[in-house]
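Notes to accompany the following structure.
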Amino acid sequence: MKKLLLFFALFLSFNLLISQEISYDLSMKKPQNHYFNIEMTLKNFSESSLLLKLPTWSPGSYLIREFSKNIDLVTAKDENGKTLKVLKKAKNAWEVVKGKAKEVHVFYNVYAFELSVRTSFLDLTHGFVSGSGVFMYVENQLNRKGTVHIHPYQDFKVVTTALPASNVPNLFEFEDYDQLVDCPIEIGNQTVFNFQAANVNHTVALYGEGNYEVDVLKKDMAKIVTAATAVFGQNPNKNYTFIVHNVVDGQGGLEHCNSTTLSVNRWTYTGSEYLGFLNLVAHEYFHLWNVKRIRPIELGPFDYDKENYTSLLWVMEGFTSYYDELLMLRAGYYSKDEFLSKLQSTVNYVEGSVGSRVQPLAHASFDAWVKAYRPTENSANTSMTYYSRGAMIGALLDAKIIAKYAGEKCLDHFMQKLYADYFVAKKRGFTEVEFKKSLESFLGENLDEFFEKYINGTEIAPLNQVFSPIGLSVKDVTTTKPSFGAALKQEGGKVIVRSIRSNSAAEDAGLSVNDEIIGLNGYRIDQKSMEDFIATVDNGDQFSMLVSRDLHLFEIQASVKNFTKPQFLFQQIKPGDRLLNYWLRTN
Ligand SMILES: [Zn+2]
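Residue numbers (my numbering): -11 to 575.
The following block contains the structure:
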């Protein structure tokens, strides 16, 4: 009986081993048409039909992107080459009628001509695979392991990805679908170098020419890695990969568990722009903890079909933005004064913006899908950025912790606790309530009022009250100035209204976005003369403008009014203050 059971158990485990394999073959027969060619092979699935899906979004970038728009005809065959029926079931779903077939080979092409950190691209110079827009999955089978075999175009010699390599060249393995799409793949002739830091082997792959020097990058990126790892005291990765796209219009980075993709201007590697590059490295690297491991419960396992709402992006992106500056300070790239001046700018940007009084931080996070990633001409009136306001709140909480523990602990220790309690112990993310409770118990303070006013409300943060106990005075230097309230742009010979501030003189006058301002007080103007004029007006001044809207010409009268903008000035109370020194310490 025992023997029989053992045999049965062995049979079962063998059966599990051979069952339900997923493999992808990715080739690029003709890169100039920008199509990746995919063959997805499914073996030993018992179901008589399989629903295949493509994500609608890419984790870390909170917008429904409808990647299925890039997929044309999907076809399928069984192990004997017999055609299987494929039925379109939803915008991003295809049903393969499999019957008793042992193997299913699914063929489709993905149009890839959007080079960004979150989308895919292919031309004769390189290919970039952002997995969520390229690899389909079988519904309810996201936890299947499998392989990806990359077949590079003949002129492409190098493949870079954080996916574990196998013994076969360009054949990579994944534990589950989340891992597969969390590891972007760069294929081409990129420059690749390695450096060691924090006991982690780092690979850097640079696509495109740039004014970088490999030796300088090695040294500086290692310093950032070391500073980030010191926050947590340990680094969970053995290997980490940077994929860097050197292009003309660089636009940031996207975080992954053990890699990141950065997109930067190719001439960014010098002067203050280079500090911006290192800051981006710090930001994305910090994310390997904050958001990829320390995370809201809604952000993993992901629902790839629809929006994954969370009100905690102010912690994930805001704290990360606070730390990217702090790491620059700790690694020695900013002086204390530079760090404080940057924090002061962030505070003034946040508290001085009209949208901060309209949209609470938690709502900005929740609505990222429909607001932050879909800005309009009215965004500044109605929304604020959870990156900057979250960074300010991160700084305030850091100061509170430093004061409470008299310079023995800081926000680092709270981040360590979140990592230990949730990622390590509970192996999951936290709810908003759990996050607040953890913070309250760490601080030994009820934060109902703090959350009500500054996270779920829109009040100006209690800056001086929180920062002065650690040696930084914050003086209110709010200004009230005459203001017109319209932002302009010059389009060819035309002065066009770009945006209008709520309740401004421009709004009261009846000016609209997209209006062309042709004349001022009877004279022709251009953008500069209009702006020079606006800069000299006083409260109550009146003037007339000749405006064109939809080719219709009319005159409007404006009456200048005052605008009050909250502003703050940071001053060290006593240079050398122990708590201030602890806050602004370097590694
Ligand atoms: Zn980020």
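Ideal placement from N, C-alpha and C gives every residue a C-beta, glycine not left out.
Taking non-hydrogen atoms of ligand 1 into account, the C-beta of E305 is found less than 7 Å away from one of them.
Closest by C-alpha distance to W255, out of T113, V204, E197, Y337, is E197. In the pairwise beta carbon analysis, the segment 408 to 420 is classified as not touching the segment 324 to 339: fewer than three pairs are separated by under 8 Å. For H540, the CB stays at least 7 Å from every heavy atom of ligand 1. The way I'd put it, the segment 234 to 253 doesn't touch the segment 212 to 219; fewer than three beta-carbon pairs between them come closer than 8 Å.
Rounded to the nearest whole angstrom, the CA to CA distance from D538 to Y311 is 48 Å. The beta carbon of E201 is closer than 8 Å to those of Y257 in its chain, skipping five residues each way along the sequence.
In the displayed model, Q178 falls within coil according to three-state DSSP, outside both helix and strand.
The segment 469 to 480 and the segment 515 to 523 touch, with three or more beta-carbon pairs separated by less than 8 Å. Excluding its 5 nearest sequence neighbours in each direction, L38 has C-beta neighbours in its own chain below 6 Å: V84, K86, V126, listed in chain order. For secondary structure counted as the alpha helix (DSSP H) over 4 or more consecutive residues, the segment 282 to 351 holds these complete runs in sequence order: 308 to 318, 324 to 340. In terms of side-chain proximity, the C-beta atom of E313 is found no nearer than 7 Å to any non-hydrogen atom of ligand 1. Within the same chain, Cβ atoms closer than 6 Å to the Cβ of K324 are found at L572, the five residues on either side in sequence being excluded. Burial is judged here by how many other beta carbons sit within 10 angstroms of a residue's own beta carbon; R318 has at least 16 and is buried. The criterion of a C-beta distance shorter than 8 Å is satisfied by L30 and I10. Around the beta carbon of E447, fewer than 16 other beta carbons lie within 10 angstroms, which makes this residue exposed. In the DSSP annotation of this structure, G69 is not part of any beta strand (DSSP E), being labelled neither H nor E.
Each of V74, K549, S461, I173 was checked against the Cα of S329, and the nearest Cα belongs to S461. In the structure shown, K516 falls within a helical segment according to DSSP collapsed to helix, strand and coil.
Apart from the 5 residues on each side of it in sequence, E295 sits with its Cβ closer than 6 Å to the Cβ of W357 in its chain, given in chain order. Rounded to whole angstroms, M16 and Q142 show a C-alpha spacing of 9 Å. Looking from the CA of T466, the closest CA among D496, F558, A474, Y570 belongs to F558. DSSP places G507 in the strand class (E or B) of the three-state scheme. A Cβ-Cβ contact shorter than 8 Å links G382 with G306.
When secondary structure is reduced to three states using DSSP, Q560 falls in the strand class.
CA-to-CA, the gap between L385 and K18 works out to about 53 Å. The segment 278 to 290 and the segment 259 to 269 do not touch, with fewer than three beta-carbon pairs separated by less than 8 Å. Within the same chain, and ignoring the five residues on either side of Q555 in sequence, the residues whose Cβ sits closer than 7 Å to its Cβ are N336, G340, V465, T466, T467.
Between the C-alpha atoms of K79 and V169 there is a straight-line separation of about 20 Å. Classified as exposed, E437 has fewer than 16 neighbouring CB atoms from the shown chains inside 10 Å of its CB.
Taking 8 Å as the cut-off, the beta carbon of Y361 is found no closer than this to the beta carbon of S309. Rounded to the nearest whole angstrom, the C-alpha separation of D13 and E243 is 25 Å.
The criterion of a C-beta distance shorter than 8 Å is satisfied by Y195 and H114.
In the displayed model, I390 falls within a helix according to three-state DSSP. Here F551 carries a strand assignment [DSSP, helix/strand/coil].
Contact between V62 and Y96 holds: their C-beta atoms lie close to 5 Å from each other, under 8 Å.
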